[in-house]
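Each protein sequence line maps, in turn, to chains A and B. Note that the first sequence covers residues 1 to 402 in UniProt numbering. Note that the second sequence covers residues 1 to 737 in UniProt numbering.
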Amino acid sequence: MADAFIYDHVRTPRGRGKKDGSLHEVPSVRLGAKVLEAVRDRNELDTSQLDDVVFGCVDPVMEAGGDIARASIFEAGYATEAPGMQINRFCASGLDAVNMGAAKIGQGADDIVITGGVESMSRVGIGMSGGAWFMDPSVNLPAYFMPQGVSADLIATKYGFSRDEVDAYSVESQKRAAHAWEKGYFKNSVIPVKDQNGLTILDHDEHMRPGTDMQSLASLNASFEIMGEMGGFDAVAVQAHPDVEMVKHVHHAGNSSGIVDGAAAILMGSEEGGRKMGLKPRAKIRAFSNIGSDPALMLTGPVDVTRKLLDRAGMTRDDIDLFELNEAFASVVLRYMQALEIPHDKINVNGGAIAMGHPLGATGAMILGTVLDELERRDLNTALVTLCIGAGMGTATIIERV
Amino acid sequence: MSYKNFTIETDSDGIALITWDMADKTMNVFTLEVLDELDAIVDQVTNDEAVKGAVITSGKSTFSGGADLTMMNSVFERIQEERAKDPSGVSKALFDQVGRMTGLFRKLETCGKPWVSAINGVCMGGAFEMSLACHGRVAADGKDVKMALPEVKVGIFPGAGGTQRVPRLTNQQDALMMMTTGQNLSPKKAKSLGLIHEIAEPDKLIETAKQMIRDGLKPVQPWDEKGFKLPGGAIWSPQGAQLWPAVSANLRKQSYANYPAAIAIIKCVYEGLQVPFDTGLRIEQRYFTEILQTPEAYAMVRSLFVSLQELNKGARRPAGIEKTKFSKIGVVGAGFMGAGIAFVTAKAGIPVVLIDRDQNAADKGKAHSQDLVAAAVKKRRMSEEDGEALLSLITPTTDYAALDGADLVIEAVFEDRGIKKTVTEAAEAVLAPGSVFASNTSTLPITGLAENSRRPDDFVGIHFFSPVDKMMLVEIILGEKTGDKALAVALDYVQAIKKTPIVVNDTRGFYVNRCVMRYMTEAYSMLIEGIPPAMIENIAKMTGMPVGPLALNDEVAIDLSQKVNRATIADLGEGAVDPRHVELIDTMVDTHGRLGRKNGKGFYDYPAKPAKKHLWPELKDLYPQQDPDDVSVDEVKRRFLATIALEAARTMEEGIVTDPREADIGSILGFGFAPYTGGALSYIDGLGVKAFVDMCDDLASRHGEHFKPTPLLKEMAANGETFYARFGAGAGIGQAA
Chain A
1 MADAFIYDHV RTPRGRGKKD GSLHEVPSVR LGAKVLEAVR DRNELDTSQL DDVVFGCVDP
61 VMEAGGDIAR ASIFEAGYAT EAPGMQINRF CASGLDAVNM GAAKIGQGAD DIVITGGVES
121 MSRVGIGMSG GAWFMDPSVN LPAYFMPQGV SADLIATKYG FSRDEVDAYS VESQKRAAHA
181 WEKGYFKNSV IPVKDQNGLT ILDHDEHMRP GTDMQSLASL NASFEIMGEM GGFDAVAVQA
241 HPDVEMVKHV HHAGNSSGIV DGAAAILMGS EEGGRKMGLK PRAKIRAFSN IGSDPALMLT
301 GPVDVTRKLL DRAGMTRDDI DLFELNEAFA SVVLRYMQAL EIPHDKINVN GGAIAMGHPL
361 GATGAMILGT VLDELERRDL NTALVTLCIG AGMGTATIIE RV
Chain B
1 MSYKNFTIET DSDGIALITW DMADKTMNVF TLEVLDELDA IVDQVTNDEA VKGAVITSGK
61 STFSGGADLT MMNSVFERIQ EERAKDPSGV SKALFDQVGR MTGLFRKLET CGKPWVSAIN
121 GVCMGGAFEM SLACHGRVAA DGKDVKMALP EVKVGIFPGA GGTQRVPRLT NQQDALMMMT
181 TGQNLSPKKA KSLGLIHEIA EPDKLIETAK QMIRDGLKPV QPWDEKGFKL PGGAIWSPQG
241 AQLWPAVSAN LRKQSYANYP AAIAIIKCVY EGLQVPFDTG LRIEQRYFTE ILQTPEAYAM
301 VRSLFVSLQE LNKGARRPAG IEKTKFSKIG VVGAGFMGAG IAFVTAKAGI PVVLIDRDQN
361 AADKGKAHSQ DLVAAAVKKR RMSEEDGEAL LSLITPTTDY AALDGADLVI EAVFEDRGIK
421 KTVTEAAEAV LAPGSVFASN TSTLPITGLA ENSRRPDDFV GIHFFSPVDK MMLVEIILGE
481 KTGDKALAVA LDYVQAIKKT PIVVNDTRGF YVNRCVMRYM TEAYSMLIEG IPPAMIENIA
541 KMTGMPVGPL ALNDEVAIDL SQKVNRATIA DLGEGAVDPR HVELIDTMVD THGRLGRKNG
601 KGFYDYPAKP AKKHLWPELK DLYPQQDPDD VSVDEVKRRF LATIALEAAR TMEEGIVTDP
661 READIGSILG FGFAPYTGGA LSYIDGLGVK AFVDMCDDLA SRHGEHFKPT PLLKEMAANG
721 ETFYARFGAG AGIGQAA
């Protein structure tokens, strides 16, 4: 198997995923094109030599439907020969795009690929692609379907995380993100989104609330209590995990990932492919894996997939210098640290989606880029990137600097 | 043409009035013959050019009870037999058979002439489905006019187009609620849902129905019109996306997804609304074919329809004894139970003398009825006049002379042999020969109490459950000397108050409480093993029990369990109660002062409302806790079901209960034993006695000797017998054991 190298990565800033968000005026395809343009221009890429573009997108319907990757290629003015495809594994789509690229390179099928993802949550909306998982009683009944927030609350209840603990985690996420922005840790990878005149539309993550403290979070009401009670989902949670007497609802907008718009792209290739294009490798994909996990807890897949992946890679937790776990909800990260005994100073060291937002299909590629930059800044070697996934799955990837 | 079950009268406007009136039945039901005749009538209406349209109604006070479930029961028997031979053949035959009604109703609604259903009374199941296939529906305005699709209550579902027509007439949420709960609809409610078009005064019903046709009722259903839109929005619409994820969740909340028929209903609606109507009917037909073959459908129809009806009709009543007409009933002891008994008796229109030691106590007993009446009037479940009439039937007094002329006296005094003796003697001093004296004891053997009586053959146990006004079961306990007359009077009384009797022989705990004890003691063992208390309670409810065992123990009081333990040890010796259980209960009561709900401190804490009760947090500290993820949910479920079923089997083996129908119904109505099983013995029969015995042996290897299968079970397993085959089909029926 050939090694798959990472040559470059970029992301857009994350715009607030609402009608008043700065990126709301930018169609999904243009977000996708922005990162493709940046990758091409930064690396003087001959796009006719590109073997594939693999984009994650979780709600690939309407303007994001019908293969958003190929559409973005047109919008970016890539060569005709550059093909594109869109994949979906819910929140891990962006990382699975990377893994799929690595597999294509590893197999020798492709030499140069761009992977990543795009999601305009403000323009398309969560859940707009429908699906049997949450709609069809033949599926949602045996799968113990519940909204992710209720699952996150179930995790907090089952594993004993109080409202104060999830809030404290979130305050720290905001603090770390603010610090990283302030120090310019992201500046090489975040490309401002500009209009056709070169005027900047957005150049920073606008979901962040750097001043967040325990007091301001304490004023927020739990978001999923009514849904849990009236929608019957608390009953589903208890029936899936009868050791829980009743679900305690602790999550709210301030300790859950932000709804945002954004895109990311990662330039990958084989050693040979990189050399031909005159690229310098920054890291390689050491290993990756996927797993299905308890669908009711839904968001504990990272624990399972991390164990599986370390085992397959012949590594232990202590071989990993930095962990990057998508902050879908605070309890997801707290449970991960609890189960694998990972200290907080080794995980999500520059904050995460609670502060900066989670543009579903793009996030996996974004956080992989974030942790690669941080490995370089700290001059460390190895990082493990993972995300929890709807319907109970986990995807994880280990990268190593070269 | 003439028909056996219908008459047809065509008026001068060419409107055929079809009156359904089955000669040999008190209520119209769908039989094969009825279907054949209705089929011919549809043809006749369609082909006779003089006929413009048809109104269908009933010649009885009710419209129809729907499909003949007794007949359905025989279908089940056949399925069971055929399945062994040719499983795929069974499905095909069944599929065609269940399509019969669907096809007939579809033919009716597409015949080209308008049909109106004139619903004059109770209209259930298949009859309501037929009405929904009619182009017009009028219901008479009356208290007794109820419409429902109640099939789910007996383990099946509306399989003659109901799941397709209802959600095409009303919004999906109401449609699902109506069908998954089987709720009754008043004419007003049915009209507000859009399920009927008009409500008419009873004497104008037929005229209103005919007028709909004269007014040009279109013989086309909405779903057969071009451009038809679902009233609740399409499945794939914002409304659909709001509703559907919560549908399964709420089903779990309602019934723990234990009922395949309820699940099939929501699948039929979800899948059926995405396709054309005829395809939807076919989808429903496939699910109906599947559901009819489930063990749940078989067991529920048998127990909750057939057996329940038989017991209510007095299956165990000795023959040849004239039915008792009650002119007066005495209740001695106006405490909570006595007061409840007085209420249900007066509610049945029978005068009650309610006796206690002082007038104040007797009045307090009557006040219980006043409270219940006030609540019912407030909820409009009872009119003020009816409430007044009920209360006027209860005479609270201290004077035993008032019992003179009573046909039956029930004592519900303190569980003390001495007090019971005094009461029995005082009552019998006034009672005429031939009148019956009954004890509502729940703990003292009837045979012993009957020794206080001068007429032990007229002495019987009538054991109510608390709260008396809600619990539908009554255990009739036969002492050694109880005679047929006393049994007949007791059964007549239970029938008069519209409850369901089971007849059991005399033993400690009788039937129901013996089973309930097992339920609670299994929970004690689990607590002691360190299974987290929340798991014990939640899994019990997931198993289908209405109340967790620890919550139940709080209701009956933990200090009462302590008393029972002590009495059992005193009577039967140290080994009679598991010493670990004694220690647990003693710790709860003596060390922690936790007596149950009555002092707000039991296995649960009971904070002031509106806060909900929650498990006592320190309960977890009594025993080292297991990791919940290592506890097998299925094993906990099996332990609850098996320990109760084993106890039920023991009562059969000991001859305490003699009829499997009574063991089943007693377990469901007495303590809510997982109704989808059909009851404690149907659970065993459903698994197969051999499989049950193997399972119990397996459980015994881990959880104790009390799971060891009994000799009878082993014998039945070896012979391939079932309880219904060995003890059923009338075995023991009509014998006062």
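Built from N, CA and C at the ideal position, the CB exists for glycine as well.
Strand pairing of residue i, partner residues [DSSP]
| i | result |
| --- | --- |
| B/Ala438 | B/Ile410, B/Val460 |
| A/Asn43 | Answer is none; A/Asn43 lacks a bridge partner. |
| A/Ala388 | Correcting the residue identity first, residue 388 of chain A is Cys in this sequence and not Ala. Answer by DSSP bridge pairing, in chain order: A/Gly394. |
| B/Tyr604 | B/Leu615 |
| B/Gly596 | B/Lys601 |
| A/Asp8 | A/Leu267 |
| B/Glu475 | B/His463, B/Ile502 |
| residue 762 of chain B | Outside the modelled stretch of chain B, which goes from 1 to 737, sits residue 762 of chain B, for which no answer is possible. |
| B/Leu185 | B/Met147 |
| A/Arg16 | A/Val260 |
| A/Arg401 | A/Ala283 |
Residue from the options whose Cα sits closest to the Cα of residue i
| i | options | result |
| --- | --- | --- |
| B/Arg137 | B/Met212, B/Glu284, B/Ser248, B/Glu480 | B/Met212 |
| A/Ile112 | A/Ala143, A/Glu271, A/Val118, A/Leu387 | A/Glu271 |
| A/Leu36 | A/Pro281, A/His9, A/Met277 | A/His9 |
| A/Ile320 | A/Leu334, A/Arg335, A/Ala330, A/Glu341 | A/Glu341 |
| B/Ile558 | B/Ala648, B/Asp590, B/Lys609 | B/Asp590 |
| B/Ile684 | B/Ala299, B/Ala490, B/Arg381, B/Thr345 | B/Ala299 |
| A/Leu360 | A/Met128, A/Arg176, A/Asn43 | A/Met128 |
| A/Gly262 | A/Val236, A/Ser256, A/Glu206 | A/Glu206 |
| A/Gly211 | A/Lys175, A/His251, A/Pro343 | A/Lys175 |
| B/Gly126 | B/Asp11, B/Glu555, B/Phe63 | B/Phe63 |
Sequence-distant residues of the same chain with beta carbon closer than 6 Å to residue i, five excluded per side
| i | result |
| --- | --- |
| A/Asp3 | Lys284 |
| B/Thr294 | Pro260 |
| A/Cys388 | Leu299, Gly301, Pro302, Ala328, Val332 |
| A/Gly101 | Val54, Val113, Thr115, Met268 |
| B/Phe727 | Pro660 |
Rounded C-alpha distance that separates residue i from residue j
| i | j | result |
| --- | --- | --- |
| B/Leu32 | B/His614 | 53 Å |
| B/Ile569 | B/Glu480 | 24 Å |
| A/Lys18 | A/Met121 | 8 Å |
| B/Gly14 | B/Glu77 | 45 Å |
| A/His179 | A/Asp213 | 15 Å |
| A/Glu165 | A/Met62 | 40 Å |
| residue 780 of chain B | B/Pro158 | The question about residue 780 of chain B has no answer here: the residues shown for chain B are numbered 1 through 737. |
| B/Ala160 | B/Gly99 | 8 Å |
| A/Phe233 | B/Leu527 | 27 Å |
| A/Thr316 | A/Leu309 | 10 Å |
| B/Thr110 | A/Gly65 | 42 Å |
| B/Ile119 | B/Gln44 | 22 Å |
Neighbourhood of residue i by C-beta, 7 Å cutoff - its chain only, sequence neighbours within 5 removed
| i | result |
| --- | --- |
| B/Ile419 | Val413 |
| B/Gln370 | Leu391 |
| B/Asp356 | Gly333, Ala334, Ala362, Gly365, Thr398 |
8 Å Cβ shell around residue i - same chain, five flanking residues per side excluded
| i | result |
| --- | --- |
| B/Thr181 | Val152, Gln254 |
| B/Val306 | Leu69, Thr70, Asn73 |
| B/Ser561 | Met520, Asn553, Ile585 |
| B/Thr587 | Leu622 |
Within-8 Å CB hit, residue i to chain E
| i | result |
| --- | --- |
| B/Met72 | Among the chains of the structure shown, chain E does not appear; the protein chains present are A and B. |
Near the ligand FAD: residue i beta-carbon under 7 Å from a heavy atom
| i | result |
| --- | --- |
| A/Met100 | With respect to the ligand FAD, the structure shown offers nothing to examine, as it has no ligands at all. |
Exercise for the section: Ignoring anything shorter than 4 residues or poking outside the segment 329-405 of chain B, list the alpha helix (DSSP H) runs there in chain order. Expected result: 336-347, 359-378, 384-392, all fully within the segment 329-405 of chain B.
Practice task
Starting from the N-terminal side, write out each stretch of the alpha helix (DSSP H) that is 4 residues or longer and does not extend beyond the segment 85-145 of chain A.
Solution key: DSSP runs (the alpha helix (DSSP H)) wholly in the segment 85-145 of chain A: 93-107, 132-135, 137-140.
Practice task
List in chain order: all unbroken alpha helix (DSSP H) runs of 4+ residues lying wholly within the segment 44-121 of chain B.
Solution key: Qualifying alpha helix (DSSP H) stretches, in chain order: 69-85, 87-109.
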